[in-house]
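Here's the structure we're looking at; comments come further down.
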Amino acid sequence: MRPFEMNSFAGKRLLALVRDGDYAHAGEEEAIDRVFGDLPKRSDRWLLDVGCGRGGTADYLRKRGWGQVVGIDRDGDSLAYARARYPGVEWVEGDVCAAPRYLSRKFIQIYLLNVYYALEAQRDALLALRQVAEEGTELRIFDYLDRGGFAEDPLEVGGERIVPHPVVTERVSRDLATTGWRLLSMEPLSEEYRRWYAALARRIEERAPEIVARGGEEALDYLCTVYRGILGKIEEGLLGGVLVRAAAA
Ligand SMILES: C[S@@+](CC[C@H](N)C(=O)[O-])C[C@H]1O[C@@H](n2cnc3c(N)ncnc32)[C@H](O)[C@@H]1O
Numbered sequence: 034m035r036p037f038e039m040n041s042f043a044g045k046r047l048l049a050l051v052r053d054g055d056y057a058h059a060g061e062e063e064a065i066d067r068v069f070g071d072l073p074k075r076s077d078r079w080l081l082d083v084g085c086g087r088g089g090t091a092d093y094l095r096k097r098g099w100g101q102v103v104g105i106d107r108d109g110d111s112l113a114y115a116r117a118r119y120p121g122v123e124w125v126e127g128d129v130c131a132a133p134r135y136l137s138r139k140f141i142q143i144y145l146l147n148v149y150y151a152l153e154a155q156r157d158a159l160l161a162l163r164q165v166a167e168e169g170t171e172l173r174i175f176d177y178l179d180r181g182g183f184a185e186d187p188l189e190v191g192g193e194r195i196v197p198h199p200v201v202t203e204r205v206s207r208d209l210a211t212t213g214w215r216l217l218s219m220e221p222l223s224e225e226y227r228r229w230y231a232a233l234a235r236r237i238e239e240r241a242p243e244i245v246a247r248g249g250e251e252a253l254d255y256l257c258t259v260y261r262g263i264l265g266k267i268e269e270g271l272l273g274g275v276l277v278r279a280a281a282a
């Protein structure tokens, strides 16, 4: 049995320790500023954080004036943490593919930070999110990119696929077009991903004693293997990063 997986409550808690904040996405706050820097800051804008995890990003955006934020995630333990830690954000437990069932309003900005790669049913998720979008709503997907060859040479640790469904350019274009979204742009972020994962791998080494104290040797081995593995795939040119922008059509 593995001690935890990247997307489990225990996994996200250890990542938060290594990343110095309640984030489980590449680049932490630098990435948030990169993804949202050009958006207006207005308190009447409603943002939906899909796969919000421990809630650090939603709180960061709300506190700095980007608008009102609702976070949705299917991991009840992470949401319980977020609810207690960040009361200014509204937290909703549920699967993104059933989002319209749980959300009683529509949003002008919807975003996913390192969530799309984890979705088994990416097209169903896009369809569901379109239903909580209004005219003019923009969707931003920040995630791993299969630069060609990653699907044939994936990363597996202890029998588990790490980064199981990265963005594939043709597929996401087709899925957006058939679910009511109009693709606006795809910005490559592979160089940033390389730099962010190199920094993360270094921080894991620096924080090794704390990681062992909290999660044991197995957790440290697992984190080292996963994140050195991701960095290796990025350096081989198989994996990278991307920011996809789309508008409700
Ligand atoms: C790598 S974490 C990223 C968390 C957060 N976006 C961040 O940047 O810190 C991926 C998150 O997606 C959530 N998730 C995965 N599949 C989901 C689904 N089908 N519906 C809702 N949440 C999902 C996981 O529970 C996890 O919290």
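So in our numbering, the last one in the sequence shown is 282, and the numbering has no gaps at all. Just so you know, even glycine gets a beta-carbon here, dropped at the ideal spot from N, CA and C. Just so you know, these numbers come straight off a predicted model, no measurement behind them.
Collapsing the DSSP output to three states places residue 56 in coil. Cβ neighbours of residue 244 within its own chain (closer than 8 Å, five residues either side excluded): 47, 50, 51, 237, 252, 253, 256. By the Cβ-count criterion, residue 111 is buried, with 16 or more other Cβ atoms from all chains shown falling within 10 Å of its own Cβ. Judged by DSSP in its simplified three-state form, residue 229 adopts helix.
Residue 114 and residue 127 have their C-alpha atoms some 15 Å from each other.
Residue pairing of residue 172 in beta bridges, as defined by DSSP: 143, 279. Inclusion of residue 89 in the 7 Å shell around ligand 1 follows from its C-beta lying nearer than that to a non-hydrogen atom of the ligand. When beta bridges are read from the DSSP output, residue 205 appears opposite no residue. Between the alpha carbons of residue 247 and residue 38 lies a distance of about 15 Å. Residue 104 places its beta carbon less than 8 Å from that of residue 82. Unbroken alpha helix (DSSP H) runs of no fewer than 4 residues, entirely contained in the region 83-151, are found at 89-96, 109-118, 132-135, following chain order.
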